[in-house]
Amino acid sequence: MAVFTRGMTPDETANLTSAMVNHSEKMRWNDQKWAQFVVDKHSTGGVGDKTSLILAPMIAACGGKVPMISGRGLGITGGTIDKLESIEGYLSNIGTDQL
Numbered sequence: 001m002a003v004f005t006r007g008m009t010p011d012e013t014a015n016l017t018s019a020m021v022n023h024s025e026k027m028r029w030n031d032q033k034w035a036q037f038v039v040d041k042h043s044t045g046g047v048g049d050k051t052s053l054i055l056a057p058m059i060a061a062c063g064g065k066v067p068m069i070s071g072r073g074l075g076i077t078g079g080t081i082d083k084l085e086s087i088e089g090y091l092s093n094i095g096t097d098q099l
């Protein structure tokens, strides 16, 4: 909440970014035969934002790999994961070994 109301200085932004990069699991695609086909589209939000729901399957149909990281429970509209989980059989919580 504090970041939302007060913002961040360039140094704070750099430090946060560094902490996230250095203390998280990194997904590396260079060992995969399809590494050159990995893409992502991150939603900028909005009430009518359904771009991720349309774009990811289109890219997958063309041979692209779209390991999306998406939000859940984002207010009244729900997040992308909430929408995808409404599709019967859709699995949203898989490990990196299943990608």
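Counting from 1, one number per residue, gives the positions in the sequence shown under UniProt numbering.
Just so it is clear, CB atoms sit at the ideal spot from N, CA and C, and this is done for glycine as well.
Owing to the predicted nature of the structure, the values given are computational and were not obtained by experimental measurement.
- DSSP links Val38 through a beta bridge to Lys65.
- For the pair Ala56 and Lys41, the CB atoms are nearer than the 8 Å cut-off.
- When the five nearest sequence neighbours on each side are left out, the beta carbons in the same chain lying within less than 8 Å of the beta carbon of Leu53 are those of Thr80, Lys83 and Leu84, in order along the chain.
- In terms of Cβ geometry, Leu99 and Pro67 form a close pair [threshold 8 Å].
- For the pair Trp29 and Ala35, the Cα-to-Cα distance works out to about 5 Å.
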